[in-house]
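Here's the structure, in structure tokens; my notes come after.
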């Protein structure tokens with residue numbers, strides 16, 4: 143049986159990233175990476191995403207900027223789709239990525255624009 147924190151985090155994770163993606167990630171987990179899935183679900187998605195203080199939209203906007211800075215294309219694409227679910231507009235995503243060009247570098251922003259276009263087209 144999973145903890146209450148896991149169940150709350152799982153619900154939030156599904157709402158933001160999509161049920162199909164999350165359920166597939168959990169179902170593919172094995173003895174090696176299941177502890178990571180549990181950690182991410184409880185710590186990230188319950189203990190942080192469910193905290194008061196920032197709306198999900200704001201958290202999504204911050205994630206887009208951070209994932210661009212960290213050059214994490216897979217996570218960026220996933221979180222751009224989540225940002226749309228959380229009410230971030232295409233125009234806001236464009237502005238976030240323009241801002242990252244200044245502070246994270248033009249190559250990072252160019253890659254992120256490409257990834258964003260793919261995510262928005264799906």
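In our numbering, the protein residues as written are 143 to 264. Glycine residues also receive a C-beta, built at the ideal position from the N, C-alpha and C atoms.
Secondary structure note for residue 261: its alpha helix (DSSP H) is the uninterrupted segment 248-263. Within a 10 Å sphere around the beta-carbon of residue 263 sit fewer than 16 other beta-carbons, which makes this residue exposed. For the options 192, 171, 205, 211, the alpha carbon positioned closest to that of residue 247 is the one of 211. According to the DSSP assignment, residue 217 belongs to the alpha helix (DSSP H) that extends over 215-227.
Looking at the backbone, the Cα of residue 147 and that of residue 188 are separated by about 6 Å. For residue 238, the CB contacts under 7 Å within the same chain, skipping 5 residues up- and downstream, are 203, 206, 207 in chain order. Spanning the alpha carbons of residue 165 and residue 194 requires a straight line of approximately 26 Å. For the set 245, 235, 223, 253, the Cα lying nearest the Cα of residue 162 is the one of 223. Sequence-distant partners of residue 152 (beyond 5 residues in either direction) whose C-beta falls short of 6 Å from its own C-beta, in its chain, are 183. Here DSSP, grouped into helix, strand and coil, assigns residue 234 to helix. Straight through space, the alpha carbons of residue 150 and residue 144 are spaced by roughly 10 Å.
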